[in-house]
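> Heads up: the sequence lines are chains A and B, in that order. Residue numbers for the first sequence, in the UniProt record's numbering: 1 to 436. Residue numbers for the second sequence, in the UniProt record's numbering: 1 to 436. Note that the Cβ used here is the ideal one computed from N, Cα and C, for glycine as well.
There are 2 protein chains.
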Amino acid sequence: MKRLAMKAMLAGAALSLSVGGLAQSSAPLHSPADARILATIKARPAVKAALAALESEHDQWVDTIVALTQIPAPPFKEGARAKAYAERFRAAGLADVEIDEVGNVLGLRRGTGKPGGKLVVVSAHLDTVFPEGTDVTVRREGNMLHAPGVGDDVAGLATQLSLIKALAAGKIATPMDILFVGDVGEEGLGDLRGIKHLFREGKYKDRIAAFFSIDDGSVDGLTNGGVGSKRYRLTFKGPGGHSFGAFGLVNPLTAMSQAIVNIYGIAVPASPKTTYSASVVGGGSSVNAIPSEAWLQLDMRSESAAELAKLERAVLAQVDAAVASENKARSTRDGAVSVDKMLIGDRPAGMTGADTALVRQTAAAYATEGVAARLSFSSTDANVPMNLGIPAITISRAATGGRGHSLDEWIDISPRESLKVKRMDLLAILAAAGLR
Amino acid sequence: MKRLAMKAMLAGAALSLSVGGLAQSSAPLHSPADARILATIKARPAVKAALAALESEHDQWVDTIVALTQIPAPPFKEGARAKAYAERFRAAGLADVEIDEVGNVLGLRRGTGKPGGKLVVVSAHLDTVFPEGTDVTVRREGNMLHAPGVGDDVAGLATQLSLIKALAAGKIATPMDILFVGDVGEEGLGDLRGIKHLFREGKYKDRIAAFFSIDDGSVDGLTNGGVGSKRYRLTFKGPGGHSFGAFGLVNPLTAMSQAIVNIYGIAVPASPKTTYSASVVGGGSSVNAIPSEAWLQLDMRSESAAELAKLERAVLAQVDAAVASENKARSTRDGAVSVDKMLIGDRPAGMTGADTALVRQTAAAYATEGVAARLSFSSTDANVPMNLGIPAITISRAATGGRGHSLDEWIDISPRESLKVKRMDLLAILAAAGLR
Chain A
1 MKRLAMKAML AGAALSLSVG GLAQSSAPLH SPADARILAT IKARPAVKAA
51 LAALESEHDQ WVDTIVALTQ IPAPPFKEGA RAKAYAERFR AAGLADVEID
101 EVGNVLGLRR GTGKPGGKLV VVSAHLDTVF PEGTDVTVRR EGNMLHAPGV
151 GDDVAGLATQ LSLIKALAAG KIATPMDILF VGDVGEEGLG DLRGIKHLFR
201 EGKYKDRIAA FFSIDDGSVD GLTNGGVGSK RYRLTFKGPG GHSFGAFGLV
251 NPLTAMSQAI VNIYGIAVPA SPKTTYSASV VGGGSSVNAI PSEAWLQLDM
301 RSESAAELAK LERAVLAQVD AAVASENKAR STRDGAVSVD KMLIGDRPAG
351 MTGADTALVR QTAAAYATEG VAARLSFSST DANVPMNLGI PAITISRAAT
401 GGRGHSLDEW IDISPRESLK VKRMDLLAIL AAAGLR
Chain B
1 MKRLAMKAML AGAALSLSVG GLAQSSAPLH SPADARILAT IKARPAVKAA
51 LAALESEHDQ WVDTIVALTQ IPAPPFKEGA RAKAYAERFR AAGLADVEID
101 EVGNVLGLRR GTGKPGGKLV VVSAHLDTVF PEGTDVTVRR EGNMLHAPGV
151 GDDVAGLATQ LSLIKALAAG KIATPMDILF VGDVGEEGLG DLRGIKHLFR
201 EGKYKDRIAA FFSIDDGSVD GLTNGGVGSK RYRLTFKGPG GHSFGAFGLV
251 NPLTAMSQAI VNIYGIAVPA SPKTTYSASV VGGGSSVNAI PSEAWLQLDM
301 RSESAAELAK LERAVLAQVD AAVASENKAR STRDGAVSVD KMLIGDRPAG
351 MTGADTALVR QTAAAYATEG VAARLSFSST DANVPMNLGI PAITISRAAT
401 GGRGHSLDEW IDISPRESLK VKRMDLLAIL AAAGLR
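1. Which residues bound the alpha helix (DSSP H) around His197 of chain B?
2. So the beta strand (DSSP E) Gln297 of chain A belongs to, where does it begin and stop?
3. Is the separation between the beta-carbon of Thr223 of chain A and that of Ser376 of chain A shorter than 8 Å?
4. Identify whether Tyr204 of chain A lies in helix, strand or coil by the three-state DSSP scheme.
5. Output, in sequence order along the chain, the residues in the region 147 to 165 of chain A whose CB is closer than 7 Å to any CB in chain B.
6. Run down chain B in chain order and give the residues with a C-beta less than 8 Å from the C-beta of Ile290 of chain A.
7. Does DSSP put Lys114 of chain B in a helix, a strand or coil?
8. Could you tell me the alpha carbon to alpha carbon distance between Ala289 of chain B and Val319 of chain A, rounded to whole angstroms?
9. What residues in its chain sit with their C-beta under 6 Å from that of Asp96 of chain B, if we drop five residues either side in the sequence?
10. Span of the beta strand (DSSP E) holding Ser279 of chain A?
11. Does Glu187 of chain B get closer than 8 Å to chain A when you measure Cβ to Cβ?
12. Give the single residue among B:Gly170, B:Met342, B:Val120 and B:Val184 whose Cα lies nearest to the Cα of Pro74 of chain B.
13. One question on the structure: do Met386 of chain B and Gly190 of chain B come within less than 8 Å of each other, judged by their Cβ atoms?
14. From the DSSP output, which residues share a beta bridge with Lys230 of chain A?
15. Helix, strand or coil: which one does DSSP assign to Gly402 of chain A?
16. When you compare the CB positions of Leu316 of chain A and Pro291 of chain A, do they come within less than 8 Å of one another, or not?
17. CA-CA distance, Arg436 of chain B and Leu163 of chain B?
18. So, Phe212 of chain B versus Ile395 of chain B, is the Cβ gap smaller than 8 Å?
19. Check the Cβ-Cβ distances between Tyr204 of chain A and every residue of chain B, and say whether any is below 8 Å.
20. Alpha carbon to alpha carbon, how far is Val250 of chain A from Glu132 of chain B?
21. Residues of chain A with CB under 8 Å from Asn251 of chain B, in chain order?
22. Please confirm whether Gly194 of chain B has its beta-carbon closer than 8 Å to some beta-carbon of chain A.
23. So, for Glu98 of chain B: in the same chain, excluding its five sequence neighbours on each side, which residues have a beta-carbon less than 7 Å away from its beta-carbon?
24. Go to Met176 of chain B, then tell me how far its beta strand (DSSP E) extends in each direction, as first and last residue.
25. Classify Pro272 of chain A: buried if its beta carbon has 16 or more other beta carbons within 10 angstroms, exposed otherwise.
26. Mark Pro32 of chain A as exposed unless 16 or more other C-beta atoms lie within 10 angstroms of its C-beta, in which case mark it buried.
27. Taking contact to mean at least 3 C-beta pairs separated by less than 8 Å, is the region 134 to 153 of chain A in contact with the region 165 to 173 of chain A?
28. Could you tell me the distance, in whole angstroms, from the CA atom of Ala43 of chain B to the CA atom of Arg36 of chain B?
29. Would you say His405 of chain B faces chain A, with C-beta separation under 8 Å as the test?
30. Rounded to whole angstroms, what's the CA-CA distance from Phe247 of chain B to Gly149 of chain B? Just pull it up for me.
31. Just to make sure I have the definition right: I need the residues of chain A whose C-beta is within less than 7 Å of the C-beta of Ala294 of chain B. Which are they?
32. In the DSSP assignment, what residue or residues form a beta bridge with Met144 of chain A?
33. Kindly indicate if chain A contains any beta-carbon less than 8 Å away from that of Arg231 of chain B.
34. Specify, as a first and last residue, the run of the beta strand (DSSP E) that Thr254 of chain B falls within.
35. Nearest CA to the CA of Ile71 of chain B: which residue from B:Lys83, B:Tyr204 and B:Ala324?
36. Does any CB atom of chain B fall closer than 8 Å to the CB of Asp299 of chain A?
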């Protein structure tokens, strides 16, 4: 998960923020009716039994975090962790457990409705940002666990397992089926490929009524806005040649530099927040040679799909203009500069309105623990359904922590806060699955 | 070798060019007396036998080129090729074959003079510009060989071996010793370290009377002027940050791009030829992060020390201006962009006068084959002795070709032209070693 910007403190404060052109109201997120629904759910004996099970299972939750963190899951290499996670799905009693075509782990919990009807997806992602060979040994100091990936998103994977076991312990019967997912490719160049597959080609794709991603590292986080992004690898090629002998020939690195300068002249709106970054470069092979190739990884993001598309057009036009200007400025005798534009990332923007039942009831679930839900924009698996207009949010993974995406990542597994979040998450999912 | 500029067509034409402030005369390069010396040498039975040996050995010369090209010799990693080359020195009968402290391959051919007297150095360089992992497989099409490094300077290494074998075949006794060298670090960041060592610390350093580098890719090339160069590694640093969250902060990569654009706007004289090249870049760690560092390797050269100094001042001023403009254009809230300018290459300029015996007799050797020596400026191993006032030139490596320093490098191994050059080179070396 990439949490980015706190967008609104909505704990009943009388402020109103316009975000991405969409007004998020300061009116209470949940209505008294929502609060009543959640109170009814929480009062059921089966739910009480499930909530008690969460408590007695806390140590197993910690053990699961340690065990899963220590199975490396580098980008595009989630297989070993997926296999272990599928075994835990089976042990927890889910039906139809499988690893799908792209590597997602799927497991169904049948409800009382007709088979094949609408369902709720609950998910956490298997992959980390860390390359192969990273030391993923977990170090425990009191209530702190330290290891790369221990929070993002192993804490989510472990919380999901705890919820599944609690539902089983309480023998809770929900009207809708719940599909639990451990998905691949959430991070970086994974480009949300696991969840894209689930919604575009997966066998459950036409049944999904609501979507939860368990991937927020704070107690009160409730991500309902998805920042969209487009990422390119731009490769500039030219004839190359001797730095002295061939002086005067076009240089692809000069074209790339001109492109970066041009791009950094593009004006973007502060709201809806829209950004670009010339992030990674390489090229050339020797100090005494005009390079034959130079490349740039470029990141563009926006809270608005329209602004993102506009930025993308402007950026690509500036890239073409830079290439043309280099071919005009120097000799193309041995060949001209050309550019290859490869799209390496495409995360759709989207939003689940603050007034949808999913957001309102989840906020009401948070409120049962005295937590004021804090809406935010982010870039998570939930972007995909948000973009399709399917209600989707990202909720807390139950372990607060810090230094995500760094080797110093840590989480706090204190029972008090963790259990609070697991209870909130359970109630929110039950409400979405139609329990009353 | 970096052959650069044809400076004067000196085949008796009545023109005079002023080069880098040094006038090169159009008077015939060699005198009738020089021509007589060369005729005498060529008429010796031992020399005739050596010249015949060159002819019968042509196919082995080609095989040597293929074999040595296919032993990678990236910058600073010439070891494997050096070992193979030393073995060939031994097989060809040289004495005192060794690999010295910096990696040069040395082999002595004793003359008839007193041990420890003056000697002539003949050299070709082992290193290429190509990084590790470059495919160096040689592709042959008729008389053309294609591969990175096949000409520069493997053709020189192979020609040197052919000359050693021919001297042995003819049992030629020269007054002076000849030290044959396969040297390291001629290219790029090698900064002539092999030949600098030979002249500054090597055990033969006080004995060298004349120096040949076999590293010119044309039949008629005779490099007697050394182009000076300055090379920098410029490292731009900034605070870095999240591509979306920290948008608006200064970007060191943008500063570097602006610097490159600025530098490519600097006007330089065509004569004395003066050039620059933005050659190699790197920086950044993740597509979703503003980089905290970007770096550039920059090459500057001139036939004139004064123009080189002027260019260096202008380039460094543009770099500073680009950094200042980035710090003005974006936020320095978390830190400003700074630049570290590290000098990584400094090749001295120098010249061996057209009227020295070495140049005159070599031109006379060329003339025995009807070739009019073409004096040129370049940046080669010969820069080092030129700068010390020791007569030094760079002569043809016997295989004409093109696209040096590119992956498309090729040479023409047609026997007719190649043998002509090998004969010229042999006679020139014999004259310098005192044979009459």
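With the structure as the only source:
1. Here the alpha helix (DSSP H) through His197 of chain B covers Arg193 to Arg200.
2. Note, Gln297 of chain A: beta strand (DSSP E), Glu293 to Ser302.
3. yes
4. coil
5. Taking 7 Å as the Cβ-Cβ cut-off against chain B, none of the residues of the region 147 to 165 of chain A qualify.
6. Ser277 and Ser279
7. coil
8. Cα-Cα distance, rounded: 20 Å.
9. Beyond the five residues adjoining it in sequence on each side, Asp96 of chain B comes within less than 6 Å, by CB distance, of Leu108 in the same chain, given in chain order.
10. Taken as a continuous stretch (DSSP letters only), the beta strand (DSSP E) holding Ser279 of chain A covers Thr274 to Gly283.
11. yes
12. For the options B:Gly170, B:Met342, B:Val120 and B:Val184, the alpha carbon positioned closest to that of Pro74 of chain B is the one of B:Val184.
13. Not closer than 8 Å, so no.
14. A:Met300 and A:Asp346
15. Strand, per DSSP.
16. no
17. 18 Å
18. yes
19. no
20. So the alpha carbons of these two residues sit roughly 26 Å apart.
21. Tyr264, Ser277 and Ala278
22. no
23. The answer, listed in chain order, is Leu106.
24. Note, Met176 of chain B: premise wrong, no beta strand (DSSP E); not H, not E.
25. buried
26. Under a 10 Å Cβ-count criterion, Pro32 of chain A is classified as exposed, with fewer than 16 other Cβ atoms of the shown protein chains found around its own Cβ.
27. no
28. 11 Å
29. Chain A contact via Cβ: present.
30. Approximately 44 Å between the Cα atoms of the pair.
31. Val281
32. A:Glu141 and A:Asp412
33. yes
34. Careful: Thr254 of chain B lies outside any beta strand (DSSP E), inside the alpha helix (DSSP H) at Pro252 to Ile263.
35. Considering only B:Lys83, B:Tyr204 and B:Ala324, the residue with the shortest C-alpha distance to Ile71 of chain B is B:Lys83.
36. yes
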